[in-house]
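One structure is given here, and the rest of the page talks about it.
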Amino acid sequence: MSENNSSQATSKDELCEKLRELVVEGQQLKEQIRETEKQIDLLPNNTNQAR
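Numbering of the sequence shown is given in my numbering, commencing with residue 17 and proceeding in unit increments.
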């Protein structure tokens, strides 16, 4: 059955699922940032040394 409001009204479960996905995505991004920062720290021309 295709109700008009089903397209705009998202169920609580769907919203919770989307939120969980976003949280996981955010955690993955934080992890990637940490890894990138570690790699930057290993670079010989480190901006920390230039300061």
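We put the beta carbon where it would ideally sit given N, CA and C, even for glycine.
To the nearest angstrom, how far is the alpha carbon of residue i from that of residue j?
{"i": "Leu59", "j": "Glu30", "result": "44 Å"}
{"i": "Glu33", "j": "Asn61", "result": "43 Å"}
{"i": "Gln55", "j": "Lys46", "result": "14 Å"}
{"i": "Gln4", "j": "Leu38", "result": "With the chain covering only 17 through 67, there is no way to say anything about residue 4."}
{"i": "Asp57", "j": "Thr26", "result": "44 Å"}
{"i": "Met17", "j": "Gln44", "result": "A caution first: Met17 carries a pLDDT of 49, below 50, which makes its placement in the model unreliable, though a value can still be read off. Cα to Cα, Met17 sits roughly 37 Å from Gln44."}
{"i": "Glu53", "j": "Gly42", "result": "16 Å"}
Let me see if you follow: with CB-CB separation under 7 Å, is residue i close to chain C or not?
{"i": "Ile56", "result": "No chain C appears in the structure shown, which is made up of a single protein chain."}
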